[in-house]
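Asker: Numbering (the working numbering), first residue to last: 6 to 401. Beta carbons are placed, not taken as given, at the ideal position from N, Cα and C, and that holds for glycine. The structure displayed is predicted, hence computed values, not measured ones.
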Ligand code: PMP
Ligand code: GLU
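1. Taking the alpha carbon of residue 45 as the reference point, which residue from 354, 374 and 295 has its own alpha carbon closest?
2. Note down, in chain order, each residue of its chain lying with its Cβ closer than 7 angstroms to the Cβ of residue 382, except the 5 sequence neighbours on either side.
3. For residue 23, which beta-bridge partners are listed by DSSP?
4. Who pairs with residue 379 in a beta bridge, going by DSSP?
5. State the start and end residues of the unbroken alpha helix (DSSP H) segment that holds residue 116.
6. Determine the burial state of residue 34: buried for a count of at least 16 other Cβ atoms within 10 Å of its Cβ, exposed for fewer.
7. Within 10 angstroms of the Cβ of residue 375, are there 16 or more other Cβ atoms? Answer buried if so, exposed if not.
8. Can you list, in chain order, every residue whose CB sits closer than 6 angstroms to a heavy atom of the ligand PMP?
9. List the DSSP bridge partners of residue 238.
10. Output the residue ranges of the alpha helix (DSSP H) runs that lie fully inside the segment 304-381 and measure 4 residues or longer, sorted by chain position.
11. Just to confirm the assignment: which complete alpha helix (DSSP H) runs, minimum length 4, are found wholly within the segment 127-197?
12. Taking buried to mean at least 16 other C-beta atoms within 10 Å of its own C-beta, is residue 304 buried or exposed?
13. Residue 173 and residue 203 - do their beta-carbons sit closer together than 8 angstroms?
14. Say yes only if the C-beta of residue 130 is nearer than 7 angstroms to one or more non-hydrogen atoms of the ligand GLU, and no if none qualify.
15. Does the distance between the C-beta of residue 212 and the nearest non-hydrogen atom of the ligand GLU fall short of 7 angstroms?
16. Within the present structure, is the beta-carbon of residue 106 separated from the nearest heavy atom of the ligand GLU by less than 7 angstroms?
17. Determine the contact status of residue 98 and residue 71, defining contact as a CB-CB distance below 8 angstroms.
18. In the structure shown, what three-state DSSP assignment does residue 11 receive?
19. Taking the runs of the alpha helix (DSSP H) that are 4 residues or longer, which of them lie wholly in the segment 261-302?
20. Nearest to residue 353 by CA position, among 15, 40, 142 and 321, is which residue?
21. Please tell me whether residue 263 and residue 271 are closer than 8 angstroms, where the distance is taken between their beta carbons.
22. How is the beta strand (DSSP E) around residue 99 delimited, first residue to last?
23. Based on the DSSP secondary-structure assignment, which residues constitute the bridge partners of residue 120?
24. For residue 19, which of 89, 308, 131 and 48 has the nearest alpha-carbon?
25. Counting along the chain, where does the beta strand (DSSP E) carrying residue 52 start and finish?
26. Check each candidate in 275, 335 and 212 and name the one with the smallest Cα separation from residue 380.
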């Protein structure tokens, strides 16, 4: 009998769809992948060079579990510069990607049966990581009137004696929405009042195109800072998905627990990637600016295209690189005789018939939607959207 817990975990749907699309491509199928959120850009040259230099210098051994001191210092510098947050190196834990950081956080925080409030739509891995650590994900639907951002009233309705933490992800995957200072302040007051932790996933902070600015909830005062664990990483901002570096900033006792857990699971994150991360965090940001300009253009294009299709609606994303589109008005209709009942049917028919990969909203706790990632080249997107529009026209 294998582990019941392991069998209750569903594999990452975003990575599954990405793997399927990449396999189809390898087999010569001309698939357009709006699936996984992975920037199509190359890692900037100065970051690659820092890694090459690290190998040349023989920086190829174990580092301290939570990361080399110079990496921790670079992260502290970044948090001060970008987020007005003062942390000491011993409050930083570098891990194998932000996903690993999240896993360490829940391993450090949760006792069996503790509840974690996850506003829906949510990034696919949150509930599963909570479950892996014996917690109970409490999914709280948000509303379009509030641009899919959780309110204190919704939080209050979900609160029980078992509530341990709230996850806030701004800019949000999949909706692209950015929380304002007022919204974050209300959540911070709520967390303080009810003695809760806040896990603030800020991995898309550098990718904002609207008028909103990124703000870390931890920067709203000493009390909320103490109960916030900030999660960030280099995958998205610096096109470094394969390098696998994420990090947390928290009070030292939590950092110590995470480091202790990591010392028995993976040890330090890759030493060479740590050096590359220092170059990313402290180096020039021109490539980041160029990527942001390209993403902004792509976002505008995607929103325009969706707006031309009367059956579809989306709230304009302010950040990240996703458009979350409500396709529910098409449910009950048929594509060449095959009825579209759910977003999973929709995504499956789309991929199988016109070779366009998207992620069904059910993966994000919002079954009326599909998610497009616009982290792909404009020509590819144009080609993909042509096929998509044709597909929609054939749904009768
Ligand atoms: N948080 C969010 C919201 C994400 O979309 C991702 C995407 N991979 C991650 C965390 C994890 O990123 P990584 O493990 O590549 O650092
Ligand atoms: N976070 C990205 C996404 O949502 C990458 C895939 C993953 O790690 O889930 O598509």
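Answerer: Let's see:
1. On the chain shown, residue 45 is found 40 positions in, with the first residue counted as 1. Of the listed residues, the one whose Cα sits closest to residue 45 is 295.
2. What you label residue 382 is simply residue 377 of the chain shown in a count that begins at 1. If you ignore the 5 residues before and after residue 382, its C-beta comes within less than 7 angstroms of the C-beta of 45, all in its own chain and listed in chain order.
3. Position 18 of the chain shown holds residue 23. Beta-bridge pairing links residue 23 to no other residue.
4. Looking up residue 379 in the chain shown gives position 374. Bridge partners of residue 379: none, in fact.
5. On the chain shown, position 111 is the one that residue 116 refers to. No alpha helix (DSSP H) contains residue 116, which DSSP labels as neither H nor E.
6. The residue labelled residue 34 in the question sits at position 29 within the chain shown. Under this definition residue 34 is an exposed residue.
7. Within the chain shown, residue 375 is the residue found at index 370, counting from 1. Buried: at least 16 other Cβ atoms inside 10 Å.
8. The set, ordered by position in the chain, is 42, 102, 103, 104, 128, 174, 178, 206, 208, 238, 240, 246 and 251.
9. Position 233 of the chain shown, counted from the start, is the residue given in the question as residue 238. In DSSP, residue 238 forms a bridge with 251.
10. Counting only runs of 4 or more, we get 348-359.
11. Fully enclosed alpha helix (DSSP H) runs of 4 or longer: 130-137 and 157-163.
12. Taking the first residue of the chain shown as position 1, residue 304 is located at position 299. Answer is buried; the Cβ neighbour count reaches 16.
13. For the purposes of this step, residue 203 is taken as residue 198 along the chain shown, with counting starting at 1. For the purposes of this step, residue 173 is taken as residue 168 along the chain shown, with counting starting at 1. In this structure, residue 173 lies closer than 8 angstroms to residue 203 by Cβ.
14. Here residue 130 refers to the residue found at position 125 of the chain shown. It does: the Cβ of residue 130 is within 7 angstroms (strictly closer) of some heavy atom of the ligand GLU.
15. Translated into positions along the chain shown, residue 212 becomes position 207. Proximity of the beta carbon of residue 212 to the ligand GLU is not indicated: no heavy atom of the ligand is located closer than 7 angstroms.
16. One-based indexing of the chain shown puts residue 106 at position 101. Because no heavy atom of the ligand GLU lies under 7 angstroms away, the Cβ of residue 106 does not count as near it: no.
17. Sequence index remark: in the chain shown, residue 98 carries index 93 (1-based). Sequence index remark: in the chain shown, residue 71 carries index 66 (1-based). Inclusion of residue 98 and residue 71 in the CB contact set at 8 angstroms is warranted, their separation being smaller than that value.
18. Here residue 11 refers to the residue found at position 6 of the chain shown. In this structure, residue 11 counts as helix in the three-state DSSP scheme.
19. 276-287, all fully within the segment 261-302.
20. By one-based count along the chain shown, residue 353 stands at place 348. It is 40 whose Cα lies nearest to the Cα of residue 353.
21. The residue labelled residue 263 in the question sits at position 258 within the chain shown. The residue labelled residue 271 in the question sits at position 266 within the chain shown. No, the pair does not count as a contact, with Cβ atoms beyond the cut-off.
22. Residue mapping note: residue 99 aligns to position 94 of the chain shown, counting from 1. Looking at the DSSP string, the run of the beta strand (DSSP E) that includes residue 99 is 97-100.
23. Position 115 of the chain shown holds residue 120. DSSP output for residue 120 lists 141 and 168 as bridge partner(s).
24. Start at 1 with the first residue of the chain shown, and residue 19 comes out as number 14. Comparing Cα-Cα distances from residue 19 to each of 89, 308, 131 and 48, the minimum goes to 131.
25. The residue labelled residue 52 in the question sits at position 47 within the chain shown. Run containing residue 52: none in the beta strand (DSSP E); it sits in the alpha helix (DSSP H), 50-61.
26. The residue given as residue 380 occupies position 375 in the chain shown. Per the Cα distances, 212.
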